[in-house]
Amino acid sequence: MTESELYRALGALTKNKGAWEDNIPYVSPLLAHESVKIKAKALWLLGEMGLQYPLSVKGSVGTIAAFRDDAEALLRERAVNTLGRIGRGSFSLIEPYWADLFRFADDEAAVRLSFIWASENIATNTPDPYAPYMPVFAELLRDSDEKVRMEAPEIFRVLGKRRPEFVAPYIEQLRKMSETDENRVVRIHCLGAIRAAASKGEAPAAVQ
4 MTESELYRAL GALTKNKGAW EDNIPYVSPL LAHESVKIKA KALWLLGEMG
54 LQYPLSVKGS VGTIAAFRDD AEALLRERAV NTLGRIGRGS FSLIEPYWAD
104 LFRFADDEAA VRLSFIWASE NIATNTPDPY APYMPVFAEL LRDSDEKVRM
154 EAPEIFRVLG KRRPEFVAPY IEQLRKMSET DENRVVRIHC LGAIRAAASK
204 GEAPAAVQ
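The sequence shown begins at 4 in the working numbering and counts up by one.
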């Protein structure tokens, strides 16, 4: 099977969710494929499979985590995202690698973005470990990359729904951004974070 044929086959499998669990043993060995494109696709698909069937990907978690140190930014990006998806399904499976994920807040922009997504996924079901790490996300609110800045408020929204006390020290920063940031998506996402963390009767003003 050529690279293009294999990539198309993985694309078809992506759409066939009913076949995911049975095909984890087929996808996992592709992490050793010579093609970066195939490895990246396999990582992404294992993340989606791992969200639904975390115990079934348990044997591949170490291999997935090893891509955190790959020279290819795309593979670092996918590895971080995949750990996030699996971690949403079962935090215990990725816990040995969780604290190390925070170094990716200083990686390339696409990897920083993936780090935020991964954090949102994990924090959805396991918010408590994030308490001492909120300054990392506060720094990402001022990121030099616009896509990162657009996504950064979303981790505050996710955590605000679950642990509003984690977000409380940053409400004024978020409120100022919701009123003055030049990017409308940033303003909307900051407002969403405030709303998620707000108590009843503290409805914020609408974004213009």
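We treat Cβ as the ideally placed atom computed from N, Cα and C, and that holds for glycine.
Practice problem: Give me the Cβ distance between residue 96 and residue 64, rounded to the nearest whole Å; I'm assuming they're in contact under 8 Å. | Solution: 5 Å
Exercise. Rounded to whole angstroms, what's the CA-CA distance from residue 102 to residue 121? Just pull it up for me.
Key: 12 Å
Quiz prompt | Coarse secondary structure for residue 131, derived from DSSP in three states | solution = helix
Quiz item: Counting Cβ pairs closer than 8 Å, one from the segment 107-126 and one from the segment 67-87, do we hit at least three?
Solution: yes
Quiz item: With burial defined as no fewer than 16 other Cβ atoms inside 10 Å of the residue's Cβ, what is the status of residue 128: buried or exposed?
Solution: By the C-beta density criterion, residue 128 is exposed, having fewer than 16 other C-beta atoms within 10 angstroms.
Quiz item: Buried or exposed: where does residue 2 fall if 16 or more other Cβ atoms within 10 Å of its Cβ makes it buried?
Solution: In the structure displayed, the chain extends from 4 to 211; residue 2 sits before or after that span and is not available.
Exercise. Indicate the three-state DSSP secondary structure (helix, strand or coil) for residue 4 in the structure shown.
Key: Three-state DSSP puts residue 4 in coil, outside helix and strand.
Self-check item: Rounded C-alpha distance that separates residue 32 from residue 108
Solution: 29 Å
Practice problem: Identify whether residue 69 lies in helix, strand or coil by the three-state DSSP scheme. | Solution: In the structure shown, residue 69 sits in a helix (DSSP, three-state: H, G or I).
Quiz item: According to the neighbour-count rule (16 or more other Cβ atoms, all chains shown, within 10 Å of its Cβ), is residue 184 buried or exposed?
Solution: buried
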